[in-house]
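These notes concern the structure reproduced below.
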Amino acid sequence: MAAARAFYSSVVGWDTRDASTTELTYTVFIAGNDPVSALMALPEEATRMGATPRWMGYVDVDNADATAERIKRLGGAVHVPPTDSNIGRISVVADPQTAVLGLVEGLKTDSSQAGGLDQPGHVGWHELLAADWAKAFGCYADLFGWQKVDTESGPLDAYQLFSAGGQTIGGIFTKRPVEPIPYWLFYFNVGDIDAVTERVRRGGGQVFEGPFAVPEGSWIVRCIDPQGAVFALQGKRSRDAIAKDAAPEVGWSAEWNGISSRGKLTTEPRK
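Residue numbers for the sequence shown, in our numbering: 24 to 294.
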């Protein structure tokens, strides 16, 4: 946990606050004055089940017990049954395509990111790499009421944007063969993408894709932290850096190789 805390504080610029209990060591990451994510150790039982360090997003629900039961009926799995915790009543589940996420009922912290999607240090984009995007979207729409968002040119077959609470917060696409399993990927808002990616490398992490340009002038990179957790960053670049790379704009797409069409969950890393 200490190494993860130091890495993300350096890379994203988060402050930290200890929120531990007698049963659990727990660190909250702070962006400005807002708690935006948290850090805990990977539970021993999860390790025995084969879990590895990862970021996990929580969906705020009215009834964690009922939602967990619905996920099972839809063909998903409940890895941690609904349990009262330091942040609310939570459950760790997997959708029918095995992508892991959390449910939280009665969130006790002020970590709602509504209205903060563009703020530094917040999660600005939520992305599901699914086994089958259409089936995955149908499941999440049924569970949480998420809505499809169409671009000006109409819906993108390769990349489906979705909204929650009237805000476009992410996209779902069918993963490439290189991704071994379906999973959720979270994009953290940062300043200078080149300076931040250099901090990733200095801290022992890896940048495995990017930087790529996306609509509205942002650039993205996909990374792996020193303990193996995958995450992503989005931010701006200087004109000198852009001219040096001359990278094309790829848009929000499953195709991160520079050829594509154009076209927000509370999170915590478990180490």
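Heads up, the beta-carbon is just placed ideally off N, CA and C, and yes, glycines get one too.
Treat the numbers as computed from the prediction; the structure is a model and nothing was measured.
Is the CB of residue 194 under 8 Å away from at least one CB in chain B?
Protein chains in the displayed structure number just one, and chain B is not present.
Bridge partners of residue 152, per DSSP?
Sequence index remark: in the sequence shown, residue 152 carries index 129 (1-based). For residue 152, which the question treats as bridged, DSSP gives the partners 196 and 206.
Do residue 84 and residue 128 have their beta-carbon atoms positioned less than 8 Å apart in this structure?
In the sequence shown, the residue the question calls residue 128 occupies position 105. In the sequence shown, the residue the question calls residue 84 occupies position 61. Yes; because the gap between Cβ atoms is below 8 Å, this pair is in contact.
One question on the structure: do residue 106 and residue 112 come within less than 8 Å of each other, judged by their Cβ atoms?
What you label residue 106 is simply residue 83 of the sequence shown in a count that begins at 1. What you label residue 112 is simply residue 89 of the sequence shown in a count that begins at 1. Yes, these two residues count as a Cβ contact at 8 Å.
What residue range does the alpha helix (DSSP H) around residue 92 cover?
Against the sequence shown, residue 92 aligns to sequence position 69. Segment 87-96, the alpha helix (DSSP H) holding residue 92.
Could you tell me the alpha carbon to alpha carbon distance between residue 228 and residue 218, rounded to whole angstroms?
Numbered from its first residue, the sequence shown carries residue 228 at position 205. Numbered from its first residue, the sequence shown carries residue 218 at position 195. Taking the straight line joining both Cα atoms gives about 14 Å.
Can you tell me whether residue 173 is buried or exposed, with buried defined as 16 or more other CB within 10 angstroms of its CB?
Taking the sequence shown and counting its residues from 1, the one referred to as residue 173 is at position 150. Exposed.
Reduced DSSP category for residue 166 - H, G, I as helix; E, B as strand; rest coil:
Mapped onto the sequence shown, residue 166 falls at position 143. Residue 166: helix per DSSP, three-state reduction.
Looking at the secondary structure, which residues open and close the alpha helix (DSSP H) in which residue 28 lies?
For the purposes of this step, residue 28 is identified with residue 5 of the sequence shown, where counting begins at 1. Its alpha helix (DSSP H) spans residues 25-35.
DSSP has residue 58 in a bridge; who is on the other side?
What you label residue 58 is simply residue 35 of the sequence shown in a count that begins at 1. In the DSSP assignment, the residues bridged to residue 58 are 53.
Assuming contact is defined by CB atoms lying nearer than 8 Å, are residue 95 and residue 154 in contact in what I supplied?
Residue mapping note: residue 95 aligns to position 72 of the sequence shown, counting from 1. Residue mapping note: residue 154 aligns to position 131 of the sequence shown, counting from 1. For residue 95 and residue 154, no; Cβs fall outside 8 Å.
If you reduce the DSSP assignment to three classes, tell me which class residue 236 lands in.
One-based indexing of the sequence shown puts residue 236 at position 213. For residue 236, the three-state secondary structure derived from DSSP is strand.
DSSP three-state assignment for residue 158, whether helix, strand or coil
Working through the sequence shown from its first residue, we reach residue 158 at position 135. Of the three classes helix, strand and coil, the one that applies to residue 158 here is helix, per DSSP.
Between 110, 183 and 99, which lies nearest to residue 131 when the distance is taken from Cα to Cα?
Position 108 of the sequence shown, counting from 1, holds the residue named residue 131. It is 110 whose Cα lies nearest to the Cα of residue 131.
Compute the distance between the beta-carbons of residue 47 and residue 63, then report whether it is under 8 Å.
Translated into the one-based positions of the sequence shown, residue 47 becomes position 24. Translated into the one-based positions of the sequence shown, residue 63 becomes position 40. Their beta carbons are under 8 Å apart, which means residue 47 touches residue 63 by this criterion.
At the level of alpha carbons, what is the spacing between residue 251 and residue 77?
As a first step, residue 251 must be located in the sequence shown, where it is residue number 228. As a first step, residue 77 must be located in the sequence shown, where it is residue number 54. Our two residues, residue 251 and residue 77, have alpha carbons roughly 7 Å apart in a direct line.
In the DSSP output, what is residue 213 paired with across the bridge?
Here the question's residue 213 lines up with position 190 in the sequence shown. Its beta-bridge partners do not exist; DSSP assigns none.
Check each candidate in 39, 56, 231 and 57 and name the one with the smallest Cα separation from residue 50.
As a first step, residue 50 is located in the sequence shown; it is residue number 27 there, counting from the start. The shortest C-alpha separation from residue 50 is found at 39.
Taking the alpha carbon of residue 53 as the point to measure from, which residue in 163, 145, 248 and 67 has its own alpha carbon closest?
For the purposes of this step, residue 53 is taken as residue 30 along the sequence shown, with counting starting at 1. For the options 163, 145, 248 and 67, the alpha carbon positioned closest to that of residue 53 is the one of 145.
Assuming residue 242 contacts residue 216 (C-beta within less than 8 Å), just tell me the rounded distance between them.
The residue labelled residue 242 in the question sits at position 219 within the sequence shown. The residue labelled residue 216 in the question sits at position 193 within the sequence shown. Residue 242 to residue 216, Cβ: 5 Å. Contact.
Could you give the residue range of the alpha helix (DSSP H) that holds residue 260?
Residue 260 sits at position 237 when you count from the first residue of the sequence shown. Judged by DSSP secondary structure, residue 260 falls outside any alpha helix (DSSP H); it is assigned neither H nor E.
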